[in-house]
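Just so we're aligned, residue 405 is where the sequence shown starts under the numbering used here, counting upward by one.
Written out below as structure tokens is the structure these notes cover.
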Amino acid sequence: MKYCKSCLTTSLRPNSSFNKKGICVACEFSSQSNSLSSQTHLVRLKEKIRLLRGQVKLKLNNYDCIVGVSGGKDSTRQALWVRDRLKMRPLLVCCAYPPYQMTDIGASNLENLVKHGFDLIVDTPAPKTSRDLSKKSFVEFGNVCKASEMALFASVPRIAIDFDIKLIFWGENPALQVGDSLTGELADPLDGNNLRYLNTLVDGGEDWMDEVFDSVHKKEHYKYPSLQEYERRNINIIYLGPAWDDWSNEMNSTFASLHGLTLRPNEEKITGDISNASMIDEEFTNINMMIKYYKYGFGRTTDLVNESIRKNEISREEGIELVKLYDGVCDDSIIQKYCKYIEISVADFWKYTNYWINDRIFTKTEKRPIPKFNVGEDFND
Ligand SMILES: [Zn+2]
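Set out below in structure tokens:
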């Protein structure tokens, strides 16, 4: 396992790639995109929209674009930015978690968007199907929300097709933010049309879900529309992140909380989330962050810290200390709740989880494994 020389990305990250100097793709992008300012990207973004308007009729059914929202910090900011800065009329689309799973904070943050005057469509997959898929993806992939992530990404373009809306805005470009190089368009960081190749959507395919569905229309929630369908409908995806000079986890949560968003303060020892602001609409994702750490040697703290290192907010050494404290943290209470949800025992939870622990970099125990590596130092696994 190798570490990026500049940040703390490991070579075990799916789709990661390092250049000859041992620098990850996200750090390389970041040094390049610094030379191309967000102001330049904003001009390009507006030009893209102008060109699109020349090619297709954007304003139909009262809306000229869709902003995919989750009720989290990024979506609050995106929605307001598209309306107030770009002067567009977005339809907000949210693929919500089933009632059992959604936190009260998640629900009140969606309500907050409506209070800001937006039209919001909430699409909720059938609860029992959603639970069965979560259990299946946990057992088969060591991922408790694989299906709900697929539903999240699929629901937005599906509603774009249904409403004949040609333009979709997403916030962050995964290549720029976390270094998923499959989606990375070096040529154009604003271009989101490669989103379909995101690891989350491609890895494992779709067929594993089939035996859970008892009707065809339930599957529609989870299937990303085909490339042909996209092209026939002239649907375009644009990332907003590169066009903002202060797009970051930190800024987005500050901005969003000033606009009524509720965060989860002081819960980092329970959730492992040092920002107290990611995935506030749902708790089980924290389990995924823990398992991700066991699989690849890095978790959410690494992702958050890497962003701060790239922005020169903290040093690599300070990042290492935070990662040591918080990567892999997910309180037993969350695990117990999840076990109750999918109807398995806690012992079985660890039995299944153990299967996903990478024993080249962790020593397995009956419960939580112990890392063999030191954060930030290349490890001969
Ligand atoms: Zn890096």
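Positions of the beta carbon are idealized from the N, C-alpha and C atoms, including for glycine.
Below 8 Å between beta carbons: does that hold for residue i and residue j?
| i | j | result |
| --- | --- | --- |
| residue 753 | residue 739 | yes |
| residue 646 | residue 571 | no |
| residue 643 | residue 575 | yes |
| residue 497 | residue 453 | no |
| residue 565 | residue 637 | yes |
| residue 731 | residue 702 | yes |
| residue 559 | residue 592 | no |
| residue 745 | residue 535 | yes |
| residue 414 | residue 710 | no |
| residue 513 | residue 476 | yes |
| residue 700 | residue 416 | yes |
| residue 625 | residue 511 | no |
| residue 760 | residue 698 | yes |
| residue 780 | residue 720 | yes |
Since residue i and residue j should fall inside the 8 Å C-beta cutoff, what is the C-beta to C-beta distance between them, to a whole number of angstroms?
| i | j | result |
| --- | --- | --- |
| residue 755 | residue 766 | Between residue 766 and residue 755 the Cβ distance is about 16 Å, and since that is not below 8 Å, they are no contact. |
| residue 597 | residue 640 | 7 Å |
| residue 467 | residue 686 | Rounded, the Cβ-Cβ distance is 26 Å, inconsistent with contact. |
| residue 420 | residue 428 | 6 Å |
| residue 462 | residue 455 | Not confirmed; about 11 Å, so no contact. |
| residue 434 | residue 714 | 4 Å |
| residue 758 | residue 768 | 6 Å |
Got a sec, what are the start and stop residues for the alpha helix (DSSP H) residue i sits in?
| i | result |
| --- | --- |
| residue 860 | This structure cannot speak to residue 860, because the chain is shown only from 405 to 785. |
| residue 455 | 442-459 |
| residue 577 | Residue 577 -> no alpha helix (DSSP H), and no H or E assigned at all. |
| residue 709 | 704-714 |
| residue 523 | Where residue 523 is concerned, there is no enclosing alpha helix (DSSP H), although the beta strand (DSSP E) it sits in stretches over 523-527. |
| residue 372 | Given that the chain is displayed from residue 405 to residue 785, the structure contains no residue 372 and the question cannot be resolved. |
| residue 486 | 477-488 |
| residue 566 | 550-567 |
| residue 771 | Note, residue 771: premise wrong, no alpha helix (DSSP H); not H, not E. |
| residue 722 | 720-730 |
| residue 634 | 631-637 |
Relative to ligand 3, is the shortest distance from any of its heavy atoms to the C-beta of residue i smaller than 7 Å?
| i | result |
| --- | --- |
| residue 740 | As far as ligands go, the structure on display features ligand 1 and does not contain ligand 3. |
Can you give me the start and stop residues for the beta strand (DSSP E) that residue i sits inside?
| i | result |
| --- | --- |
| residue 496 | 494-499 |
| residue 389 | Coverage of the chain is limited to positions 405 through 785, which leaves residue 389 absent and any answer about it impossible. |
| residue 470 | 469-473 |
Assess, as a yes-or-no matter, whether the segment 545-553 is touched by the segment 515-523 under the definition of 3 or more beta carbon pairs within less than 8 Å. no
Would you say the segment 407-416 touches the segment 602-615, given that touching needs at least three Cβ pairs under 8 Å? no
Which residues have a Cβ closer than 5 Å to any heavy atom of ligand 1, listed in chain order? 408, 410, 411, 413, 428 and 431
Counting beta carbon pairs with one atom in the segment 654-669 and one in the segment 469-487, are three or more of them shorter than 8 Å? yes
Pairing CB atoms from the segment 716-726 with CB atoms from the segment 691-698, are three or more of them under 8 Å? no
Given 8 Å, three or more beta-carbon pairs between the segment 599-606 and the segment 617-625: no
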